[in-house]
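Chemist:
Residue numbers (the working numbering): 68 to 261.
1. How long is the line joining the alpha carbons of residue 236 and residue 148, rounded to whole angstroms?
2. Considering Cα atoms alone, identify which of 218, 255 and 72 is closest to residue 140.
3. Output yes or no for whether 7 Å exceeds the beta carbon distance between residue 198 and residue 207.
4. Looking at chain C, is there any beta carbon in it that lies within less than 7 Å of the beta carbon of residue 242?
5. Tell me, please, whether the region 106–126 touches the region 155–167 by the rule of three or more beta-carbon pairs shorter than 8 Å.
6. What residues in its chain sit with their C-beta under 6 Å from that of residue 99, if we drop five residues either side in the sequence?
7. For the alpha helix (DSSP H) holding residue 131, just list the boundary residues, first then last.
8. Let's see if you can read the secondary structure: which residues bound the alpha helix (DSSP H) around residue 213?
9. Pick helix, strand or coil for residue 101, following the three-state DSSP scheme.
10. Which class does residue 180 belong to by DSSP, given the choice of helix, strand or coil?
11. I need the DSSP call for residue 186, collapsed to helix, strand or coil.
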């Protein structure tokens, strides 16, 4: 895996995926030549950071929602700083039911914790958008937190499993402490059987 940084702007301009087992990892010279040919980048204006694909850094870089910044030593990209992710607050969701029938409601409570993952952030008074995974794909909901807590009642309209928040590690502007999942089932107990 490698990351390409722009020496002038000090920004990351490209990132590769992780190379699978048995795949030859290109050298820095091969990466630079490839970027020069395929993307027209000037080799004198970029710096390459090669990351061991088995490292914790590579695993973190592949995690959806992770935020990071390049670390520079002069014109050389030398490391990745994950502090933008590690200083995010935590979000936790709890619900009052795990199985409901179509047309039934579920109440869920969101709580924002400080980055210690223990203390409720009673000064958090923000409106944020959180993604719920539904049987029909992602659903964005706007939720307002007052004193670090938000509560909503939802009446799902599709059968299947719902998960809130959608991401299991990082969600929008938060790290995820707890997710809730619930299932909407078809209730056939009141049907006449012939």
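Cβ atoms here follow ideal geometry from the backbone N, Cα and C, with glycine treated the same way.
Modeler: Walking through what the data contain:
1. For the purposes of this step, residue 236 is identified with residue 169 of the chain shown, where counting begins at 1. For the purposes of this step, residue 148 is identified with residue 81 of the chain shown, where counting begins at 1. Going from the Cα of residue 236 to the Cα of residue 148 covers about 18 Å.
2. Counted from its first residue, the chain shown places residue 140 at position 73. Ranked by Cα distance from residue 140, the first of 218, 255 and 72 is 72.
3. Counted from its first residue, the chain shown places residue 198 at position 131. Counted from its first residue, the chain shown places residue 207 at position 140. Their beta carbons are under 7 Å apart, which means residue 198 touches residue 207 by this criterion.
4. Chain labels in this structure do not include chain C; a single protein chain is all it has.
5. Cβ pair count under 8 Å is below three, so no.
6. Translated into positions along the chain shown, residue 99 becomes position 32. Contacts found: 110.
7. On the chain shown, position 64 is the one that residue 131 refers to. Annotation: residue 131 is outside any alpha helix (DSSP H) and is labelled neither H nor E by DSSP.
8. Within the chain shown, residue 213 is the residue found at index 146, counting from 1. If you look at residue 213, you'll find it isn't in any alpha helix (DSSP H); DSSP assigns it neither H nor E.
9. Here residue 101 refers to the residue found at position 34 when the chain shown is read from its first residue. In the structure shown, residue 101 falls within a helical segment according to DSSP collapsed to helix, strand and coil.
10. By one-based count along the chain shown, residue 180 stands at place 113. Residue state for residue 180 is assigned as strand, using DSSP reduced to three classes.
11. Within the chain shown, the letter at position 119 stands for residue 186. Three-state DSSP puts residue 186 in coil, outside helix and strand.
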